[in-house]
Every structure is written in C-alpha cells, then in structure tokens.
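Protein chains: 2
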Amino acid sequence: MLLNEPRLRQRMTDAGLDAVVATAPENVTYMSGFWALPQWIRRGPQAYVVWPASNRGAPEIITSTSTLDLVADQDVGAAKVRRFGEFHAELSPNAVGDPVGQEHLQLRRLPPHRDAIAALVAGLEEARLGNGHIGIDETGLASGHLEALAARLPNVKITPAAALLREVRAVKTDHEIDRLRQVARIAERSIEAALGVAKVGATELDLARAFHVQTIEDGAFPVLGCIGFGERSALMNVQPSDRRLRIGEIIRFDVGGRFHHYRADVARIATLGEPPPEARRLHRALLRGVQHACEIIRPGIAASHVFGEVMRVVQREGIPHYRRDHVGHGIGLDGYDAPTLSSNSSEVLEEGMVLCVETPYYEIGRWGLQVEDMLVVRSGGVERLMATDGEIIAVPL
Amino acid sequence: MLLNEPRLRQRMTDAGLDAVVATAPENVTYMSGFWALPQWIRRGPQAYVVWPASNRGAPEIITSTSTLDLVADQDVGAAKVRRFGEFHAELSPNAVGDPVGQEHLQLRRLPPHRDAIAALVAGLEEARLGNGHIGIDETGLASGHLEALAARLPNVKITPAAALLREVRAVKTDHEIDRLRQVARIAERSIEAALGVAKVGATELDLARAFHVQTIEDGAFPVLGCIGFGERSALMNVQPSDRRLRIGEIIRFDVGGRFHHYRADVARIATLGEPPPEARRLHRALLRGVQHACEIIRPGIAASHVFGEVMRVVQREGIPHYRRDHVGHGIGLDGYDAPTLSSNSSEVLEEGMVLCVETPYYEIGRWGLQVEDMLVVRSGGVERLMATDGEIIAVPL
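These protein sequence lines map, in sequence, to chains A and B. Residue numbering for the first sequence follows UniProt numbering, starting at 1 and increasing by one per position. Residue numbering for the second sequence follows UniProt numbering, starting at 1 and increasing by one per position.
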C-alpha cells in the first residue's frame, strides 16, 4: 500500500476529522492506489477518495464512468466505488473469461450519479457524514466546487485538508520507498545514457533524447529534463536547445521521470573533458554540503538545522557568498513533497521521509553547478538512493 | 504567434471586458508563448498573463523569479514582465557575451512582488484596471485566490473567463496548425514503430516502449499511450501491461504526445496477422463514420449535425446499436479543446478549427475498435493531418 494509514489516522484524530476527501491526482492515487488518467494529464477531470475515520465505514473511490476500466484493471485499495456520468460500452458474451472485464462490468452496474459533486454529496450522506467535520483536499476541486459542496451539505463543517495530506505523505511506506529507489536509479542510468552521446558538437537536445529514451526503456515516464551546456547551465529550468557542446564545458542535469507514478529529482554535473579548476573548486563545496547533510540527517533533527548546517559547510568549503532559500525537499507522488529544508521550516525529520538534498549554484552568464541526491531518513541516519557519488563526471574526449 | 488575437479581441469586446487574465498553463502559453515549467508539471505554481483590451496597454507576463530564465530563453509575445518571490543567483562578469543571460539579468532587476496575487493586483492597478471588468481564467488559480483578488480589488467586476478562452483557442492560427500537423505525424510514426516490435509473445509494454521512444526521437514528449491487446483493447483508458500478443488479436492504439506543447490524439487498430472477419466488418462501419465526417465537415456546419450524421452512418454501415456521447473534439494545447461533436453541442464549425474525429466502439470482454483522425476545417472542407487511411493495419506474421 502506498498510504501511510497509521499516520493518516493519527492526523485525522488530531484534527478531529470524521473523514478526509482526496481530490488532487497525487492524493487520490496515494489514498487508494487508483490512477485516473484524465485527472493526471489534464486539468478539470474529477476523481475523489473519501476516507472516513476508523468507526465511520470503508473508504470509497468516486470517479467517472469512463474511468471504471482503470479501477477494474488496477490494484486499488478502496473497498467501495461510486461512479458519475455515462459512457457507452457494449457487453460481449466473451467477458466471462476475463476477470478485469468482469470487474469492469460489475462497476458499470453501479447506479450513476449526475456529476462529481452529486456523487460526493451522496457518498458523504450515505456514510452518515452529513453533519460531520470533513477535511477536503482543496487542490483538486474545480472552481466553485467547494462552495457547491458547502451549499449542499449545510451541516458539514469543511476544513481544507491539502496541507494535512501533504504532511501524511511526507513519511513514506516501504512500497513507496521501493518505487523511489527505482526511479532514482533510472534517473542516474538516464544521465549515463545521455553522457554516452556527449561529444564535441552534440546538442542539448541530443543528450535530452538519449536521457528520455533510457527513462522509457527502464519503464519510467519522462517528466523533468533540464539539461544545459556552458552558460546555459546557469538557467535554473533550462530546456534543451540546439546549443552545441564544446570541450571543457559544464553539462548540468536536473532531471527525473516517474516510475509507477513516483518522481525522481536528481542533479549531476558533467564536463566534456577535464573540468575547469574553478568549477571543480566550487562544485567540491556544493558536494561537501550534500555530504554533510547525509552525515547529520537522522530522525528528530529539525529541517531548519539541516539547512543551516549545509549552508555553513558550502560557505566554509569554498563559496562564502552562497545563498539559498532551501537545500532540499521531500519527494514522492509530487516532485515537492514535505518537508522543506529551509531556514523558516518548522518541520522535524522523521524516519521514512525521502528527501532530495540539493545545493545548486547559478552564475548567470557563466555556469550552473548543482548536486542533488535522493535519500531516505533511517533510524540510524541516511540511506542514499544513489549509485553515483556526486563528483563531477568528466566525459573522456 | 500561437494566439488568435483578432478572435480574442472580438470576444473581449462582445463580453465587455477591459482585460483577460490567463492562469491555467495552456492559457498562459497560448496568450504569451511563455511555457512555465513548474506550472506544467505540478499543481500549485502560479503564472499569469494579463491581456488588456486594445486601448488599455500592453500584455504582461506575471511569473515567479525562479522562472525568469525561461522568459529570457523563450520567444515570448508579451511586452511586459512582472515577477514575484525571490530566487538567489549570482552574476558572472562573463554574462556580457550571452544574450539570454543578459535578458535574464535584466528581468531579475525588476522589483519583486511578495506573491503571485500581490503581483496580479499591482499589475491590474498599474494598468488602471482597478475598477474595470476583468475576465479571469478561474481554472489555474489556487484555492482561495479568486476570493483574495475580489477582496483586494473591490471595484473590479470579475467574470470567469475559462470558457471564453477555450472558445478563442478553438480556431487555430497557422503556427498552431503547423505544430498539430507535426505531432499528428509523430503519433502515426510512433504507432508504426510500436508495430515494428509486434509479434507473438510481445507485450503491451514492449509496444508502448517502442511507441514512446519514437515520440522522443521525433522531438515530442510522451503523454497518452493507451495500447491494449485482445480483450484489453476494450478498456477505454488501457494502460500497457505485460499481457502477451497472440495471433489474430486486436491491438488498439489511442495515443499521442506533445510537440512544442501541442497535443496529438489519434487512434488506429492493428492485428497480428489477418483480422477476424467480424472485427473487419465492425471497423469498416467505424471508419465509414469518420470518412463521412471528412466529407461533410466545412465552416458553418453545426457540431451536432456532424454528430448525427456520423452516428447515422456507423449505425447504417454495420453497428445498428452504436451509441456515443460525442464523435470528436477540438485539440491544441489541451487534449480536449472546443468544439465537441455531440448531440447537445450548440457550436458551429469554423475555418481553422482542428478536430479529432473519432468513432470508438468497446465490447467489454472481447475487443475495442476505434478510428480517430486529426483534421483541419478549411474553407472548402477538410484537410486531414494523417498520413494513414485508418484501415486496420494487419501486421504480417
């Protein structure tokens, strides 16, 4: 299971919630395992999970009739399903021998609701939550939906719950960590594949193609592919262009795909031939910062403390003027999960958090350097999810 | 330019709007050419375009400081830029020789606003729109933003504008049609590549990998990859699995990537070896429906009329019980642009619309068959964007 159920139950109890409703794609998938294609690739399509408190009944997926095939075909954790809208399909007598088809047909026999909000209202009312305290993930609802809900459930107390769910998602289950481990490795192998085509005259787009092809070959889906050469490596969000690579130039990767819906976000620096000594010096300071984080991170330490320590080390080790708002963040179904490693964070690290620790450094017009590792907070310290050490990768000429 | 500016101006005049504010990723990119990475790959990050009526000044991009590199590196159409938030970067003396770096530095010298809404309020006030009638694309704002705007601009009349912008986007410019033509061809080439690995024992995932790799090689980004064999082809949103291909089975593709942000959505049926005669018979009816649409579509015809005609032809040509809610939709930056070819649509086709015309037919437990073509509505009829004719592709054994 993706969901950290004890943590969700605890937060719900703390907040006095009778139920939580997931509405954003990452929360729906997180709470049920259900991945609703239309919701993930477009804005607007609605799918929900209603998750009642322990004594209030079973969780329920609410989704459009046109996506019931995905419910049938996926390993979803919710006990109940509710559908809305119509979508035509015929029944073949052959369906008997096809378990997914059978399940699909059964789901299609459920009574349809008019639309997503009507289904949600019915779901809450049938679960006798019509005068409860409901936490609603406000991030996935369409404009006006929250108001419509409030109007149709006048006795419900509604509290926004996106922040609560983000907090729950921060501590990963083993199942999630396994996916994150795999997607981190896929990102590293994809960097290696990209560097396989790095030579004088190769373009950023050449490397990006090789990167994403490897990501696909390894079973993941491309998402982030910031790959920049030379002065373009200083563009934080650099999108690959036909800029050609020259000897001695920096190649910055800030990259990562999705594997079974879980994101990677890692950064590595390479150079074509030997790196300029100054780049090596600066990069060493950045790497020391990440290495120091790996040494000090353990459960119970404050995120803000990690931030201060990493900044201090980078500044001491070679970049006295180093400035950052944060030196890392959680990662999971979203590329920026909790916690944030920043000076003003009040978060405390917990066992099972998966973090991207990063020390980017941008000199506009010259180069951008960056180390970003993925790691798990373990009881005894850190488990790095990386196969490479974060040193500059000098591609032989 | 992506934007159909005369159409936008006309709709704004009709609606009595002094300005329109784009907030959803597709509308921001559409109105300015600006593609803000964080907004496209996550939910939450904000970027806007303020587009005043003709006599009200120049359009303005509002985006976070951390994305100014993308503004500098992209061919954006808006004359003004406004930034919010901080993001640290150093200035290299080398920046002088780097035009993108120079532009980036200049943008970073703009005064920062505290957050997205503060920047938007300032932008509207400075453009003397503080007591105007503003159309706000409600689909990209975070929860509570619309209320915050209304509170901070008490003299502004706010009207939701997502529907208006969708209507504007429905009639494509030449620049857009060029991208759509290319992405449609990439989808077809990717189907061809996938069929290149179709053989007894190949899995859906094998074909999906070959499909997405070709999409990447052709310069596009994977989005939609529904590829199903046999009884799994009847799952509308089928996600590739390790199901193995057998002789004579249906392979259904409902697929398409993004090329320069523009979507493809096409469907083709293949079989390993000769198709079953019954599949051929049903498929012929579906193909006739799409072919008939291509014959009758022209500017001035009602979307609902096309729907009725396509349904009539499919029913007459071999599937008397054929039922659908729609037989097609527009396509562009979003996978479902206006118009919708449905019985209850009040839309009328116009020159320059780009449509996906489709006749899917699902027999749960047996197979799914589908033809989906992309085409442009031209003054004299239809320009198909497809290289293939839509017949069943029989892969030789």
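Just so it is clear, CB atoms sit at the ideal spot from N, CA and C, and this is done for glycine as well. Source: prediction; values computed, not measured.
Inset, instruction - Measuring only between beta-carbons, confirm whether Q10(B) sits less than 8 Å from chain A. - result: no
Inset, instruction - Using 10 angstroms around the beta-carbon of Q370(A), count the other beta-carbons present and answer buried if the total reaches 16, otherwise exposed. - result: buried
Legend entry - Under 8 Å between C-beta atoms of L272(B) and V395(B): yes
Legend entry - Chain-ordered neighbours of N237(A) on chain B, where CB pairs are closer than 9 Å: A36, L37, P38, S66, T67, D69, L70 and D73
Inset, instruction - Counting only the same chain and skipping the five closest in sequence on each side, list residues whose C-beta sits under 8 Å from that of A150(B). - result: V156 and I158
Legend entry - Closer than 8 Å at the beta carbon, the chain A residues around I41(B): V223, L224 and G335
Legend entry - Closest residue to H113(A) among Q102(A), E86(A), G97(A) and T139(A) (Cα-Cα distance): In this structure, E86(A) is the residue among Q102(A), E86(A), G97(A) and T139(A) with its C-alpha nearest to the C-alpha of H113(A).
Inset, instruction - Can you grab the Cα-Cα spacing for the pair A170(A) / Y262(A), in whole Å? - result: Spanning the two alpha carbons is a distance of roughly 13 Å.
Inset, instruction - Please list the partners that S379(B) has in chain A, where partner means a Cβ-to-Cβ separation under 7 Å. - result: Simply none; closest approach about 31 Å.
Inset, instruction - Would you please state the rounded distance, in angstroms, between the beta carbons of R179(B) and F259(B)? I believe it to be under 8 Å. - result: 6 Å
Inset, instruction - Assign D337(B) to one of three DSSP states: helix, strand, or coil. - result: strand
Inset, instruction - Spatial neighbours of G318(B) within its chain, please: CB distance less than 7 Å, with the 5 preceding and 5 following residues excluded, ordered by chain position. - result: R281, L282, R284 and A285
Legend entry - CA-to-CA distance, V100(A) to F307(A), given in whole angstroms: 49 Å
Legend entry - Chain-ordered residues of the region 346-372 of chain B with a beta carbon less than 7 Å from chain A: Y362, E363, I364, G365 and R366
Inset, instruction - Measure from the alpha carbon of G132(A) to the alpha carbon of each residue in M236(A), S92(A), V313(A) and P154(A), then state which is nearest. - result: P154(A)
Inset, instruction - Go ahead and pull the three-state DSSP assignment for V238(B). - result: coil
Legend entry - C-beta contact flag for V200(A) and A210(A) at 8 Å: no
Inset, instruction - Kindly indicate if chain A contains any beta-carbon less than 8 Å away from that of G289(B). - result: The beta-carbon of G289(B) is placed no less than 8 Å from the nearest beta-carbon of chain A.
Legend entry - Beta-carbon proximity list for L357(A), same chain, < 6 Å, skipping 5 on both sides: Note that residue 357(A) is Val in the sequence shown, not Leu. The answer, listed in chain order, is V290, A293, G328 and D373.
Legend entry - Interface residues of chain A facing L120(B) [CB-CB closer than 9 Å]: Listed along chain A, no residue sits closer than 9 Å to L120(B) by beta-carbon distance, the nearest being about 16 Å off.
Legend entry - Assigned secondary structure, R288(A) (DSSP; H/G/I helix, E/B strand, else coil): helix
Legend entry - Own chain residues within Cβ distance below 8 Å of L107(A), not counting five before or after: L68, V71, A72, V81 and R83
Inset, instruction - Note down, in chain order, every chain A residue with its Cβ under 8 Å from the Cβ of P112(B). - result: Result: empty, since nearest Cβ-Cβ is about 13 Å, beyond 8 Å.
Legend entry - DSSP state of H88(A) mapped onto helix, strand, coil: Here H88(A) sits in coil by DSSP.
Inset, instruction - List the residues of chain A whose Cβ lies closer than 8 Å to the Cβ of V213(B), in chain order. - result: Here the neighbours are V213, I216 and E217.
Legend entry - 6 Å CB neighbourhood of G57(A) in its chain, flanking five on each side removed: A127
Inset, instruction - Check whether the Cβ of E90(B) lies closer than 8 Å to any Cβ atom in chain A. - result: yes
Inset, instruction - Using a Cβ-Cβ cut-off of 8 Å, state whether L180(B) counts as contacting chain A. - result: It does not; no Cβ of chain A falls within 8 Å.
Inset, instruction - Within its chain, find whatever has a CB closer than 7 Å to the CB of T139(A); leave out the 5 residues flanking it on each side and keep chain order. - result: T23, A24 and A162
Inset, instruction - Would you kindly work out how many angstroms separate the C-alpha atoms of G256(B) and P339(B), rounded to a whole number? - result: 19 Å
Legend entry - P240(A) classed as buried or exposed, judged by whether at least 16 other C-beta atoms fall within 10 angstroms: buried
Legend entry - alpha helix (DSSP H) runs wholly inside the region 10-59 of chain A, at least 4 long, in chain order: 25-32 and 37-41
Inset, instruction - Report yes or no: is there a C-beta of chain D within less than 8 Å of the C-beta of H133(B)? - result: Protein chains in the displayed structure are A and B, and chain D is not among them.
Legend entry - Residue-level contact to chain A via CB, L105(B), 8 Å cutoff: Cβ-Cβ to chain A under 8 Å: yes for L105(B).
Inset, instruction - Pull up the distance between the alpha-carbon of Y48(B) and that of I62(B), whole angstroms please. - result: 5 Å
Legend entry - Which of helix, strand or coil DSSP assigns to P299(A): DSSP places P299(A) outside both helix and strand once states are collapsed to three, so it counts as coil.
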